[in-house]
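In the working numbering, the protein residues as written are 16 to 127.
Backbone N, C-alpha and C define an ideal beta-carbon position, used for all residues, glycine too.
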């Protein structure tokens, strides 16, 4: 999507501190980190929110989690939290599905 900041970062049109990339996913450090490690992992295919996931996207969305695990293993992050915000009311500020990977500090429950 041409107006999506995350699509522009993945395409290299806007700078981002790349952590990982393959044919389906792009990961980069959050510009406003909430933990010592705060990585955003996106599918390169633009999907705005969970309600827009189609049957054909199941493998792509499932791959977010296996890719997150791979990134964490490569970074030697043993303990981490994965978060997807879905909708403005719960904190989604960029409407491109993305997985937050938090690590490097203790976290409490419930969040926020």
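Please report the residue range of the alpha helix (DSSP H) in which residue i lies.
i: residue 90; result: No alpha helix (DSSP H) contains residue 90, which DSSP labels as neither H nor E.
i: residue 24; result: 20-26
With residue i as the anchor, note down where its beta strand (DSSP E) starts and where it stops.
i: residue 33; result: 33-36
i: residue 116; result: 114-118
i: residue 58; result: 52-58
i: residue 44; result: 40-44
Looking at residue i: is its Cβ nearer than 7 Å to the Cβ of residue j?
i: residue 40; j: residue 81; result: no
i: residue 54; j: residue 42; result: yes
i: residue 100; j: residue 64; result: no
i: residue 61; j: residue 22; result: yes
Where does residue i land, buried or exposed, given buried means 16+ other C-beta within 10 angstroms?
i: residue 31; result: buried
i: residue 118; result: buried
i: residue 93; result: exposed
i: residue 26; result: exposed
i: residue 58; result: buried
Roughly how many angstroms separate the alpha carbons of residue i and residue j, rounded to a whole number?
i: residue 70; j: residue 47; result: 33 Å
i: residue 91; j: residue 52; result: 11 Å
i: residue 112; j: residue 77; result: 12 Å
i: residue 73; j: residue 120; result: 31 Å
i: residue 95; j: residue 50; result: 10 Å
i: residue 116; j: residue 18; result: 24 Å
i: residue 75; j: residue 105; result: 23 Å
i: residue 110; j: residue 33; result: 20 Å
i: residue 16; j: residue 84; result: 27 Å
i: residue 89; j: residue 79; result: 15 Å
Report the partner residues of residue i according to the DSSP bridge assignment.
i: residue 98; result: 115
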